[in-house]
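Number of protein chains: 2
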Amino acid sequence: MTPRPSFKIPKIPEMTIRRLSVYTRCLLQLEEDGVKTVSSEELAERFNLNSAQVRKDLAYFGEFGVRGIGYYVSGLKAELQRILGLDREWQVALVGFGNLGSALFNYKGFAHQGFRISVIFDDDPQKAGRTVDGVPILPLRELAQEAKGRNLQIGIVAVPPAAAQAVADRLVAAGIKAILNFAPTRLKVPKDVRLQNVDLSIELETLSFYLAQVSR
Amino acid sequence: MTPRPSFKIPKIPEMTIRRLSVYTRCLLQLEEDGVKTVSSEELAERFNLNSAQVRKDLAYFGEFGVRGIGYYVSGLKAELQRILGLDREWQVALVGFGNLGSALFNYKGFAHQGFRISVIFDDDPQKAGRTVDGVPILPLRELAQEAKGRNLQIGIVAVPPAAAQAVADRLVAAGIKAILNFAPTRLKVPKDVRLQNVDLSIELETLSFYLAQVSR
DNA sequence: GTGTGATAGTGTTCCTGTTCACATGGCTCC
DNA sequence: GGAGCCATGTGAACAGGAACACTATCACAC
Numbered sequence: 101m102t103p104r105p106s107f108k109i110p111k112i113p114e115m116t117i118r119r120l121s122v123y124t125r126c127l128l129q130l131e132e133d134g135v136k137t138v139s140s141e142e143l144a145e146r147f148n149l150n151s152a153q154v155r156k157d158l159a160y161f162g163e164f165g166v167r168g169i170g171y172y173v174s175g176l177k178a179e180l181q182r183i184l185g186l187d188r189e190w191q192v193a194l195v196g197f198g199n200l201g202s203a204l205f206n207y208k209g210f211a212h213q214g215f216r217i218s219v220i221f222d223d224d225p226q227k228a229g230r231t232v233d234g235v236p237i238l239p240l241r242e243l244a245q246e247a248k249g250r251n252l253q254i255g256i257v258a259v260p261p262a263a264a265q266a267v268a269d270r271l272v273a274a275g276i277k278a279i280l281n282f283a284p285t286r287l288k289v290p291k292d293v294r295l296q297n298v299d300l301s302i303e304l305e306t307l308s309f310y311l312a313q314v315s316r
Numbered sequence: 101m102t103p104r105p106s107f108k109i110p111k112i113p114e115m116t117i118r119r120l121s122v123y124t125r126c127l128l129q130l131e132e133d134g135v136k137t138v139s140s141e142e143l144a145e146r147f148n149l150n151s152a153q154v155r156k157d158l159a160y161f162g163e164f165g166v167r168g169i170g171y172y173v174s175g176l177k178a179e180l181q182r183i184l185g186l187d188r189e190w191q192v193a194l195v196g197f198g199n200l201g202s203a204l205f206n207y208k209g210f211a212h213q214g215f216r217i218s219v220i221f222d223d224d225p226q227k228a229g230r231t232v233d234g235v236p237i238l239p240l241r242e243l244a245q246e247a248k249g250r251n252l253q254i255g256i257v258a259v260p261p262a263a264a265q266a267v268a269d270r271l272v273a274a275g276i277k278a279i280l281n282f283a284p285t286r287l288k289v290p291k292d293v294r295l296q297n298v299d300l301s302i303e304l305e306t307l308s309f310y311l312a313q314v315s316r
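As given, the protein sequences belong to chains X and F, one line each in that order. Under the working numbering, the first residue of the first sequence is numbered 101, with each subsequent residue one higher. Under the working numbering, the first residue of the second sequence is numbered 101, with each subsequent residue one higher.
Right under this line is the structure:
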């Protein structure tokens, strides 16, 4: 569906990337626990996956394993972090500082993986101009300028659905190439902009569907 | 991967369900705009999908369309709402009232689709015992009892990863069959419990991966 | 009442991702 | 230094979802 731009690496399934992220988290834990090596089998059963899948996922990016041994935890962790771009700091712009926006901002899980919300945009005059934890809240019109100055690379859309497309358009115009959208709308963005949607309604309604099935 | 319990309806792809949810939202909008009928083609291009896919998705559940015309907006909307179980009210338990938990609670998008957070659980003594917007915050130990009394059907897990599995176990023990998990952990639940994960780190790291690719 | 046009429903094909199974190759122990 | 072990890496089979193309059917015009 999404025609992928031509990367060095030929054709990585989306699902592989998502699993890479999961593996990384697991390896972080294993390293903390002092585990030195881990086999694809062990890794697989933690997420009830197939061990072949784990190996194939990793093999897309190189030969990280040692036959007869498995994978060295810290080595693999470092590789995956590099592949996922977690070895650097990304400057993130958060647009919308309502309930969801402020929760995302206060959620400390991001920072420690290199995602830094360095500026917030919100047109509400009650909010714009203030500062939270040293991060300025600015009106949306300053986005283009700030994007350059702060080298913003990721935009998080946490505004009401009606405003989401307009916000996305401005993020794109400001040269941002990666958007995480929380608004329950399908945004239209150019092909070279990577869009990731998180739609809470869909998740809940999927649950609701299954409940409705069993109770029918 | 997920061995599905045997429903009346034989084999609905997960992706179909998710799209159903999207169609429903679109139909709601169309109805508001006074549109009477819509073709699979029109519906498809709003989400850049294939029209055949739209038709197939809908045909899983019956023949809702009229050849030569399309689908009647309000009729189809009602059908989809019924299929998704949105024609009734679900009682939802929110576990964890930290940043994310309270944002979810305050997010008004849920209620209007029939998802009612009727009780919150949090063991923090600062919170337990209080009431927000008429909804009680209770210690986790009261879960089992409340689940029965309030007929809770959906549990939302918004606690730190370390506590998530324990919470899930208690939700399962309390007879809850549908869990929406926001903790960045893979939870283990029995096969008859439907688990839906929302993992913000994965989404961000997917973006990060693509950014890292293009900038290499 | 009949013809025409438009669009739903569906069998088939295609393609992508998952699983299987085996051969490859490094490590260890004798 | 050689033999055996054991887990990786990978080509091939398999499965499931998406796209295509065709057929059936309905509404409306004449």
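Glycine included, each C-beta is placed from N, C-alpha and C at the ideal position. The model shown is predicted, which means the values in this text are computed figures rather than measured ones.
*How big is the Cα-Cα spacing for F197 of chain F and A159 of chain X?*
41 angstroms
*Which chain X residues sit within Cβ distance under 8 angstroms of Y207 of chain F?*
N199, L200, L300
*Would T231 of chain X count as contacting chain F if we go by Cβ distances under 9 angstroms?*
no
_Quick check on the DSSP output: the alpha helix (DSSP H) that includes A144 of chain X runs from which residue to which?_
140-146
_Limits of the unbroken beta strand (DSSP E) element including V257 of chain X_ = 254-257
*Beta-ladder partner(s) of I217 of chain X, from DSSP*: X:V192
_Just verifying my parser: in three-state terms, what is the DSSP assignment at E242 of chain X?_
helix
*Along chain F, which residues have their Cβ under 8 angstroms away from the Cβ of P239 of chain X?*
Per Cβ cutoff of 8 angstroms: no residues; P239 of chain X is ~23 angstroms from chain F at best.
*Helix, strand or coil: how does DSSP classify P261 of chain X here?*
helix
*asked:* Could you compute how far the alpha carbon of K111 of chain X sits from the alpha carbon of I183 of chain X?
replied: 14 angstroms
*Do we get a CB-CB distance below 9 angstroms when we pair P160 of chain F with the residues of chain X?*
Note that residue 160 of chain F is Tyr in the sequence shown, not Pro. Output row for Y160 of chain F: interface = no.
*Between the segment 164-189 of chain F and chain X, which residues of the former have CB atoms less than 9 angstroms from a CB of the latter, in chain order?*
R182, I183, L184, G185, L186, D187, R188
*Y310 of chain F - DSSP class collapsed to helix/strand/coil*: helix
*Leaving out the 5 sequence neighbours to the left and right, which residues in its chain are closer than 7 angstroms to S174 of chain X when beta-carbon positions are compared?*
E131
*Could you check where the alpha helix (DSSP H) with L204 of chain X kicks off and where it finishes?*
199-206
*Assign S315 of chain X to one of two classes, buried (16 or more other C-beta atoms within 10 Å of its C-beta) or exposed (fewer than that).*
exposed
*Cβ of L120 of chain X less than 9 angstroms from any chain F Cβ?*
yes
*Starting from the beta carbon of L252 of chain F, find every residue of chain X whose beta carbon is closer than 8 angstroms, and list them in chain order.*
Correct list: empty, because the minimum Cβ distance to chain X is about 11 angstroms.
*Inter-residue Cα distance where the pair is F215 of chain X and L120 of chain X*: 17 angstroms
*Could you tell me if Q226 of chain X is buried or exposed, where buried requires 16 or more neighbouring beta carbons within 10 angstroms of its beta carbon?*
exposed
_With three or more beta-carbon pairs closer than 8 angstroms as the criterion, would you say the segment 287-297 of chain F touches the segment 229-238 of chain X?_
no
*What are the boundary residues of the alpha helix (DSSP H) that A278 of chain F is part of?*
Here A278 of chain F belongs to no alpha helix (DSSP H); instead the beta strand (DSSP E) covers 278-281.
*Pick helix, strand or coil for T137 of chain X, following the three-state DSSP scheme.*
strand
*Where do the N-terminal and C-terminal ends of the alpha helix (DSSP H) with G175 of chain X fall, by residue?*
173-183
_Three-way DSSP call (helix, strand, coil) for L295 of chain X in this model_ = strand
*Within the chosen definition, does the segment 144-163 of chain F reach the segment 289-301 of chain X through at least 3 CB pairs nearer than 8 angstroms?*
no
*Going along chain F, which residues have a C-beta under 9 angstroms from Q213 of chain X?*
S301, L304, E305, S308
*For T116 of chain X, name the three-state secondary structure that DSSP assigns.*
helix
*Out of curiosity, what's the CA-to-CA distance linking R155 of chain F and I279 of chain F?*
30 angstroms
*Is the beta carbon of I318 of chain F less than 9 angstroms from the beta carbon of W190 of chain F?*
Since the first and last residues shown for chain F are 101 and 316, residue 318 of chain F lies out of range.
*Do the CB positions of T137 of chain F and V166 of chain F come within less than 9 angstroms of each other?*
yes
*DSSP state of I237 of chain X, grouped into three classes?*
strand
*Would you mind giving the Cβ-Cβ distance between L300 of chain X and N281 of chain X, rounded to the nearest angstrom? I have them listed as a contact below 8 angstroms.*
In fact, because the Cβ distance is near 12 angstroms, the residues do not count as touching under 8 angstroms.
_Counting only Cβ pairs nearer than 7 angstroms, list the residues of chain F close to F210 of chain X._
L304
_Nearest to A283 of chain X (by Cα), restricted to the options X:V293, X:I276, X:P261, X:K277_ = X:P261
*Identify the residues that DSSP records as bridge partners of T231 of chain X: which are they?*
X:P236
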